[in-house]
Each structure stands twice: as structure tokens, then as C-alpha cells.
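Asks: In our numbering, the protein residues as written are 191 to 321. All C-beta atoms in this analysis are idealised placements derived from N, C-alpha and C, irrespective of residue type, glycine included. The structure that follows is given in the form of C-alpha cells.
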Amino acid sequence: MHAMTAAYTLLWQRLRRAASAALFPRYWMAVIAQEPLRLVLSSDGREVTADGTARTIRTADKQLATFDAVQAIDIVHHPLNPTEHKPEHWSLSLYLGRSQRAFVGRSRKLAQAEKCAKLLATITGKPVRTL
191 MHAMTAAYTL LWQRLRRAAS AALFPRYWMA VIAQEPLRLV LSSDGREVTA DGTARTIRTA
251 DKQLATFDAV QAIDIVHHPL NPTEHKPEHW SLSLYLGRSQ RAFVGRSRKL AQAEKCAKLL
311 ATITGKPVRT L
């Protein structure tokens, strides 16, 4: 009886995790708005706006960086980490120098991260690095 309960518990946990992933996607990135002087990206429900007029990159509640402070746009590969329940993904961040970074977003798809990095590079004039 105990083995059956453990099997049902494991099945329930897997179903819950799958339903959660379907209803609340994580590790995705999308372009919400793209204009010559404005880019809005969304990742995991968080919007990041690059404003070419103000020359800033910000979220709804804080400024991440000025264009002048950004030295590069980094794409970093993160391998599968089953112990922490993290899938393979790529993160996008602003390299500010001296090992300082401002997180922009993450995606399970390299192509999405590359597209968003390229658009950020176009508006900021900064290079893209893949690490």
C-alpha cells in the first residue's frame, strides 16, 4: 500500500509540474514592441524597455542601465540542472563592466535569445557576446 501511495504522489507531482509549465510558461523571451527608438522585451512576465530617446534600459519599477554604462550584451548558456529543476536555457544580460551584469531575460531557445540580443545591440550600438 505504501509503494502505491508513493507512486501516486510522484505522478501527482509530475502532473502538477507539467500543468504549471503549460499555464505559466517560464524561460521564454519575446519582442512586445519594436520601433526605431524603442524596444520592449518580455521574459517570464517581466517587461524590459530600451528607450533610444532617453538612452536607458529599464523595467517597470527601476532603471537597469544607461546606454553609456552598457559595454556589451551577453548571451550565456546554462546547461540542464535537474537537481535545481532548471532546464537548459540561455540568459540575456547587459555587461556593465567589472563583472557587473543587469539581467534582461532568459529563454529555452537560443534563437529567441539571439534575436532579442541583436535587437538590443541595434538600439544601443553595443556588441553581442556569446559566453
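Helix, strand or coil for Y285, going by three-state DSSP, please let me know.
Replies: Working through the sequence shown from its first residue, we reach residue 285 at position 95. In the structure shown, Y285 sits in a strand (DSSP, three-state: E or B).
Asks: Taking buried to mean at least 16 other C-beta atoms within 10 Å of its own C-beta, is T314 buried or exposed?
Replies: The residue you call residue 314 lines up with position 124 of the sequence shown. Buried is the call here.
Asks: Determine the burial state of V221: buried for a count of at least 16 other Cβ atoms within 10 Å of its Cβ, exposed for fewer.
Replies: Taking the sequence shown and counting its residues from 1, one reaches residue 221 at position 31. Classification for V221: exposed.
Asks: Kindly say whether A197, judged by its beta-carbon, lies nearer than 8 angstroms to any beta-carbon of chain C.
Replies: Considering every chain present, this structure includes no chain C. It has just one protein chain.
Asks: Looking only at its chain, what residues have a beta carbon closer than 6 angstroms to the beta carbon of A307, apart from the 5 residues adjacent to it on each side?
Replies: For the purposes of this step, residue 307 is taken as the residue at position 117 of the sequence shown. Here the set comprises I263, I265, L282, V318.
Asks: Counting C-beta neighbours from all protein chains within 10 Å, is the total for Q253 16 or more, i.e. buried, or is it exposed?
Replies: In the sequence shown, residue 253 corresponds to position 63, counting from 1. So Q253 ends up on the exposed side.
Asks: Between the Cα of D241 and the Cα atoms of L310, T320, H275, which residue gives the shortest distance?
Replies: Taking the sequence shown and counting its residues from 1, the one referred to as residue 241 is at position 51. Closest by alpha carbon: L310.
Asks: Are P272 and E278 close, meaning C-beta to C-beta below 8 angstroms?
Replies: Here the question's residue 272 lines up with position 82 in the sequence shown. Here the question's residue 278 lines up with position 88 in the sequence shown. In this structure, E278 does not lie closer than 8 angstroms to P272 by Cβ.
Asks: In terms of DSSP beta bridges, what is A220 paired with?
Replies: Position 30 of the sequence shown, counted from the start, is the residue given in the question as residue 220. DSSP, once it has assigned bridges, lists S232 as partnering A220.
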